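A.B. asks:
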Amino acid sequence: MSNRLWSVFAGTCACVFALCVLPSVAQTPEAKEKPAMYSYVANWQIPRAQWGDMAKANAADKGILDKALADGTIVGYGNDETLVHQPDAETHDDWWSAMSMAGLIKVLDQFYASGNTTAGPLAAATKHWDQVLVSHYYNWHSGAYKTGYTHVSYYKLKADAPDDAVDLMSKNLVVPLMEKLLAGGSILEYEVDTEAIHTTDPSAFWIVYVASSPEGLDAVNAGLRDALKAQPLGGPAFGGMTDSAPHRDGLLRGEGIYK
Numbered sequence: 131m132s133n134r135l136w137s138v139f140a141g142t143c144a145c146v147f148a149l150c151v152l153p154s155v156a157q158t159p160e161a162k163e164k165p166a167m168y169s170y171v172a173n174w175q176i177p178r179a180q181w182g183d184m185a186k187a188n189a190a191d192k193g194i195l196d197k198a199l200a201d202g203t204i205v206g207y208g209n210d211e212t213l214v215h216q217p218d219a220e221t222h223d224d225w226w227s228a229m230s231m232a233g234l235i236k237v238l239d240q241f242y243a244s245g246n247t248t249a250g251p252l253a254a255a256t257k258h259w260d261q262v263l264v265s266h267y268y269n270w271h272s273g274a275y276k277t278g279y280t281h282v283s284y285y286k287l288k289a290d291a292p293d294d295a296v297d298l299m300s301k302n303l304v305v306p307l308m309e310k311l312l313a314g315g316s317i318l319e320y321e322v323d324t325e326a327i328h329t330t331d332p333s334a335f336w337i338v339y340v341a342s343s344p345e346g347l348d349a350v351n352a353g354l355r356d357a358l359k360a361q362p363l364g365g366p367a368f369g370g371m372t373d374s375a376p377h378r379d380g381l382l383r384g385e386g387i388y389k
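For what it's worth, our numbering labels the leading residue of the sequence shown as 131, then goes sequentially.
Following this line, the structure appears as structure tokens:
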């Protein structure tokens with residue numbers, strides 16, 4: 131089953147208000163909007179000959195990140211390598227999350243002061259770009275993971291989508307599914323992101339989850355199929371608010387830790 135299941139009914143004539151009457155668990159605490167969590171994502175395109183050196187670069191960052199995690203400046207951090215490569219796209223990323231913009235920037239300032247960003251394989255990067263994201267819908271299992279499979283889905287809202295479209299889809303579709311998968315151990319973390327600093331289209335949003343194993347990826351697809359069967363109005367409502375043409379998926383493998 132394609133990872134485009136989220137938008138399987140995209141392009142159909144759907145009633146936006148269908149989401150408001152779905153028999154979901156939108157009234158549960160898990161589906162409520164949470165305080166803002168900010169994430170800084172540094173994307174790198176590294177020449178293949180330097181891929182083996184990225185572990186050393188990540189190790190050099192660990193001291194700064196562990197200290198920030200311990201004192202509460204950040205709530206999580208990690209790094210990934212791309213598994214499904216695209217021309218001119220990133221091959222690796224580094225990220226950290228905090229409950230404030232100040233927390234993100236304090237860590238960023240420490241990296242600049244350390245010189246780590248211009249040393250080793252990062253100095254050989256052919257392309258580099260950053261994102262600052264914000265999420266109000268997220269959850270995770272505390273602790274470290276060594277091999278997680280991160281799935282990232284990019285979506286763009288239609289021009290006539292309601293102002294609270296991301297909230298509607300998150301509360302009624304995404305959060306109930308992801309909470310079930312999180313409780314069952316198939317995923318380690320999830321979040322629905324928009325950009326806090328707009329460097330791409332302001333109508334863009336991302337659905338991200340970290341699977342605990344390759345089998346976890348299948349569990350998400352199976353769970354999504356079941357959710358769409360149980361809530362037949364959900365797919366058309368999602369498709370009615372999103373543009374299927376720019377939708378893209380990414381699959382990465384990496385390690386991280388959450389407080």
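Ideal placement from N, C-alpha and C gives every residue a C-beta, glycine not left out. On a predicted model such as this, the values are computed, not experimentally measured, just so you know.
Which residue marks the beginning of the alpha helix (DSSP H) containing A179, and which one marks its end?
C.D. replies: Here residue 179 refers to the residue found at position 49 of the sequence shown. Counting along the chain, A179 falls outside any alpha helix (DSSP H), and DSSP gives it neither H nor E.
A.B. asks: Under 8 Å, with one C-beta from each stretch per pair, do the segment 365 to 381 and the segment 283 to 297 reach the 3-pair mark?
C.D. replies: yes
A.B. asks: Quick test of the definition: if touching needs 3 or more C-beta pairs under 8 Å, does the segment 316 to 325 touch the segment 261 to 280?
C.D. replies: yes
A.B. asks: So K310 is in the alpha helix (DSSP H); what residue range does that whole segment cover?
C.D. replies: Numbered from 1 along the sequence shown, position 180 holds the residue referred to as residue 310. Here the alpha helix (DSSP H) through K310 covers V305 to G314.
A.B. asks: What are the uninterrupted segments assigned as alpha helix (DSSP H) that are 4 or more residues long and contained completely in the segment 204 to 285, given in chain order?
C.D. replies: 231 to 244
A.B. asks: Can you grab the Cα-Cα spacing for the pair H266 / A357, in whole Å?
C.D. replies: Indexing the sequence shown from 1 puts residue 266 at position 136. Indexing the sequence shown from 1 puts residue 357 at position 227. Distance from the CA atom of H266 to the CA atom of A357, rounded to whole angstroms, is 22 Å.
A.B. asks: Skipping 5 residues on each side, what residues in its chain have a beta carbon closer than 7 Å to that of G141?
C.D. replies: For the purposes of this step, residue 141 is taken as the residue at position 11 of the sequence shown. Confidence in G141 is poor, its pLDDT being 34 and thus under 50, which makes the residue's placement unreliable; the coordinate value appears in the next sentence. The answer, listed in chain order, is G369 and S374.
A.B. asks: Out of M231, G380 and A185, point me to the one whose CA is closest to I204's CA.
C.D. replies: Within the sequence shown, numbered from 1, the residue matching residue 204 stands at position 74. Cα-wise, what sits closest to I204 is M231.
A.B. asks: Looking at G206 and W181, is the spacing between their C-beta atoms short of 8 Å?
C.D. replies: Position 51 of the sequence shown, counted from the start, is the residue given in the question as residue 181. Position 76 of the sequence shown, counted from the start, is the residue given in the question as residue 206. Not closer than 8 Å, so no.
A.B. asks: Would W174 be called buried (16 or more neighbouring beta carbons within 10 Å of its own) or exposed?
C.D. replies: Your numbering for residue 174 matches position 44 in the sequence shown. Under this definition W174 is a buried residue.
A.B. asks: Any contact of the segment 376 to 386 with the segment 273 to 280, i.e. 3+ C-beta pairs under 8 Å?
C.D. replies: yes
A.B. asks: From the DSSP output, in three-state form, read off D196 for me.
C.D. replies: For the purposes of this step, residue 196 is taken as residue 66 along the sequence shown, with counting starting at 1. When DSSP states are grouped into helix, strand and coil, D196 belongs to the helix group.
A.B. asks: In whole angstroms, what is the alpha-carbon distance linking K162 and K301?
C.D. replies: If you number the sequence shown from 1, residue 162 lands on position 32. If you number the sequence shown from 1, residue 301 lands on position 171. If you draw a straight line from the Cα of K162 to the Cα of K301, it comes to about 7 Å.
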